[in-house]
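For reference, the structure is listed below as structure tokens.
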Amino acid sequence: MIKEQLPALIEKGNIRFDVPLAPYTSFKIGGPAEVFCQPQNIEELIDILKVALSFNIPYFILGNGSNLLISDKGVDGIVIQTSALNQLKHEGNLIEAYCGATLKDLCYFAKEEGLSGLEFASGIPGTVGGAVFMNAGAYGSEIKDVLLSSDYLEPNLDSLNSLNPIKHLNANEHNFAYRKSIFQEKNLIHIKSVFQLQPEDPNIITEKMRSFEEKRTEKQPLDLPSAGSVFKRPEGFYTGKLIEQCGLRGYQIGKAAISEKHCGFIVNLGGATAADVLALIKYVQETVYNRFGVKLETEIRFLGKE
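Position in the sequence shown (first residue = 1) + 235 = the numbering used here.
Shown next, in the form of structure tokens:
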């Protein structure tokens with residue numbers, strides 16, 4: 236069906252089939268996408284979504300794959316990878332950033348323009364779209380603290396076929412909470428956001444970013460593939476400390492292991508499978524619950540065939 240409906244995108248190489256997804260995730264784990272799309276502009280994205288919705292083909296929007304575990308068996312339907320939608324623009328104290336831009340690129344762009352407020356995000360290994368979707372945060376700050384507005388698509392044919400398919404949200408309409416937003420609640424598709432920042436000497440911004448990055452390097456296992464913090468922080472507890480107190484530092488199933496450096500991370504020691512990671516997650520959850528009565532909820536998302 237995709238071959239019939241979108242031949243031009245296939246000819247340009249923007250749509251491919253049976254593409255392994257491991258290289259597109261920070262975990263370096265995952266089987267093939269049945270259909271893999273890399274739209275080069277919003278019009279192509281809309282065309283792909285229209286076909287998916289018209290023929291009831293499941294789809295998934297993939298950014299940097301940094302908070303994601305993909306099944307060893309792969310993913311049915313369409314995976315839409317947004318790395319080409321990465322434009323950054325500056326006007327006054329505002330920066331407009333499209334969904335596929337990495338947070339690192341956004342933060343360094345802001346620094347070059349002498350704009351402060353995003354330093355906390357410079358080491359978060361995600362995209363702007365993923366960061367808004369999850370209300371990403373670090374070191375006491377969150378995306379909601381600097382976000383002014385967003386544009387998005389509603390995933391239904393009536394909206395996508397309308398004269399103005401791109402919709403707008405003001406800051407207070409995002410329903411931001413801890414690692415949550417309206418994009419999750421209503422399955423909206425992020426296009427771009429505008430960030431309200433403050434003028435600052437680029438040298439001072441550089442020092443702030445360096446300080447945060449040093450803390451991250453000191454405390455997190457950046458030398459091995461992972462998907463960041465596996466579990467949400469339960470109220471009143473520190474996840475890593477709970478796991479450590481259960482004696483699970485370095486605990487390994489297959490080639491997946493609790494990080495020696497930070498027990499809130501699961502790392503890929505080389506050749507880990509999604510099954511290894513899922514088994515380790517389950518074991519950690521059961522062990523922590525049996526010892527402390529605390530239920531650990533996952534922060535990372537699972538995608539693909541069971």
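For every residue, glycine included, the Cβ atom is placed at its ideal position computed from N, Cα and C.
From Ala507 to Ile264, what distance separates their C-alpha atoms? The C-alpha of Ile264 is placed about 7 Å away from the C-alpha of Ala507.
Alpha-carbon spacing of Leu513 relative to Gly505, whole angstroms: The alpha-carbon atoms of Leu513 and Gly505 are separated by roughly 16 Å.
Name the DSSP bridge partner or partners of Pro437? DSSP lists no partner for Pro437.
Have a look at Gly335 and Gly365 and give me their C-alpha separation to the nearest angstrom. Just so you know, the alpha carbons of Gly335 and Gly365 end up roughly 9 Å apart.
Delimiting residues of the alpha helix (DSSP H) encompassing Arg526: From DSSP, the alpha helix (DSSP H) with Arg526 extends over 509 to 527.
In whole angstroms, what separates the C-alpha of Asn249 from that of Glu279? Cα to Cα, the separation comes out at about 9 Å.
Which of helix, strand or coil does DSSP assign to Lys324? In this structure, Lys324 counts as strand in the three-state DSSP scheme.
Reduced DSSP category for Pro390 - H, G, I as helix; E, B as strand; rest coil: The three-state reading of DSSP puts Pro390 in coil, since its state is none of H, G, I, E or B.
On the CB-based measure, 16 or more other CB atoms within 10 Å of its CB, does Gly300 come out buried or exposed? Result: buried.
Rounded separation between Ala287 and Val367 - CA only: So the alpha carbons of these two residues sit roughly 24 Å apart.
Since Gly266 and Ile305 are thought to touch, with beta carbons under 8 Å apart, how far apart are those beta carbons, to the nearest angstrom? Contact between Gly266 and Ile305 holds, with the beta-carbon distance rounding to 7 Å and staying under 8 Å.
Given 8 Å as the limit, is there contact between the stretch 374 to 388 and the stretch 419 to 432, that is, 3 or more CB pairs closer than that? With the cut-off at 8 Å, the stretch 374 to 388 and the stretch 419 to 432 touch.
For the stretch 346 to 362 against the stretch 374 to 381, do three or more pairs of beta-carbon atoms, one drawn from each stretch, fall closer than 8 Å, so that the two count as touching? Judged by Cβ distances under 8 Å, the stretch 346 to 362 makes contact with the stretch 374 to 381, as three or more pairs qualify.
Compare the Cα-Cα distances from Ala373 to each of Ile237, Gly528, Glu347, Ser446 and report the closest residue. Here the closest residue by C-alpha is Ser446.
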